[in-house]
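**Student:**
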Amino acid sequence: MDKVRASAAEAVVDIPDGASLAVGGFGLSGIPDVLIQALHAQGATGLEVVSNNCGVDGRGLGVLLADGRIARVTGSYVGENKEFARQYLSGELEVELVPQGTLAERLRAGGAGIPAFYTPAGVGTQVARGGLPWRYAAGGGTVAVASPPKETRDFADRTYVLEHGITTDFALVRAWRGDRQGNLVFRKSAANFNPLAAMAGRITVAEVEELVEPGALNPDEIHLPGIFVQRIVALTPAEAADKQIERLSISASSTRGTVRA
């Protein structure tokens, strides 16, 4: 089955207002930036996003966030996006913060058809007891919606908390290579949350830096089989090369000898 779409716009055209989305990436590494931009142009609003974080101001999911198009986020990290923090603290955005490993497993579980699982992460904290602020009242200050308490259970004299698997209406991911049947290969740190997000989406859309024909990928190299992917978008060379990072750090030793009087 050829799953290639002619453009990113065509691939996201039917994402409706209020849809839930699992989005791959970690910071700006491996984010499906072209699909996010196409979704921004498409106009869907009231989106419920599941992603490790919301990009940065002006890039990645930060573009949708800045225009008030995201209503709820399930994620692990806020720190690189000032607008994300502002909307959350002012009561404009609902945010469910989840331990990072737990979020990864919730996505994987959802994609594998596992409804729930027990984990020791969060036991003895508000993650298990409840009371984490999901939404503040307008203007901030007081909690309007708090997390509920979660079921706990002891196994072999250790307490675990029950976490539910996550499935979403759509998933947006980015891969290094992919074939027309949706088989994907991720490269280095860009693997991050991409395979897990792809598994969780009922309709998964993948942008690929290099599109190949079926049979070109060694089966042992495939990280995500095509059964999890419904649509493929081939990036242009310029789109594939446009990769940003949050911060550029240069060691002192790398700058020695570069200063001139």
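Residues in the sequence shown are numbered from 0 upward in steps of one, following numbering that gives the first Met the number 0.
Just so you know, even glycine gets a beta-carbon here, dropped at the ideal spot from N, CA and C.
(1) Nearest by alpha-carbon distance to Pro147: which of Trp133, Thr158, Asp156 is it?
(2) By the three-class DSSP mapping on this structure, what secondary structure does Asp1 have?
(3) Using 8 Å for Cβ pairs, my map puts Leu247 next to Leu34. What's the rounded Cβ distance?
(4) May I ask which residues mark the beginning and end of the beta strand (DSSP E) holding Ala8?
(5) So, under 8 Å CB-CB, Phe185 and Ala174 are touching, yes? Tell me the CB distance rounded to an integer number of Å.
(6) Do Arg68 and Thr101 have their C-beta atoms within less than 8 Å of each other?
(7) With 16 as the cutoff for other CB atoms within 10 Å, does Glu162 come out buried or exposed?
(8) List the endpoints of the continuous beta strand (DSSP E) containing Ala205.
(9) Using the rule of at least 16 other Cβ atoms within 10 Å of the residue's Cβ for burial, across every protein chain shown, is Phe227 buried or exposed?
(10) With the cut-off set at 8 Å, would you say Val49 and Ile165 are in Cβ contact?
(11) How many angstroms separate the CA atom of Gly225 from the CA atom of Gly181?
(12) Please report how far the alpha carbon of Ala18 lies from the alpha carbon of Phe154, in whole angstroms.
(13) Identify the continuous beta strand (DSSP E) that holds Ala143 and give its terminal residues.
(14) Who pairs with Glu93 in a beta bridge, going by DSSP?
(15) Check whether the stretch 117-136 touches the stretch 199-219, taking contact to mean three or more Cβ pairs, one atom from each stretch, closer than 8 Å.
(16) State the DSSP-derived secondary structure class of Ser19, mapped to helix, strand or coil.
(17) Taking Phe288 as part of the beta strand (DSSP E), name the residues at either end of that continuous run.
**Tutor:** In this structure, then:
(1) Trp133
(2) coil
(3) Leu247 to Leu34, Cβ: 25 Å. No contact.
(4) Taken as a continuous stretch (DSSP letters only), Ala8 belongs to no beta strand (DSSP E), being part of the alpha helix (DSSP H) at 7-11.
(5) 5 Å
(6) no
(7) buried
(8) 200-211
(9) buried
(10) yes
(11) 4 Å
(12) 37 Å
(13) 142-145
(14) Arg71
(15) no
(16) strand
(17) Residue 288 lies beyond the stretch modelled for the chain, which goes from 0 to 260, so this question has no answer here.
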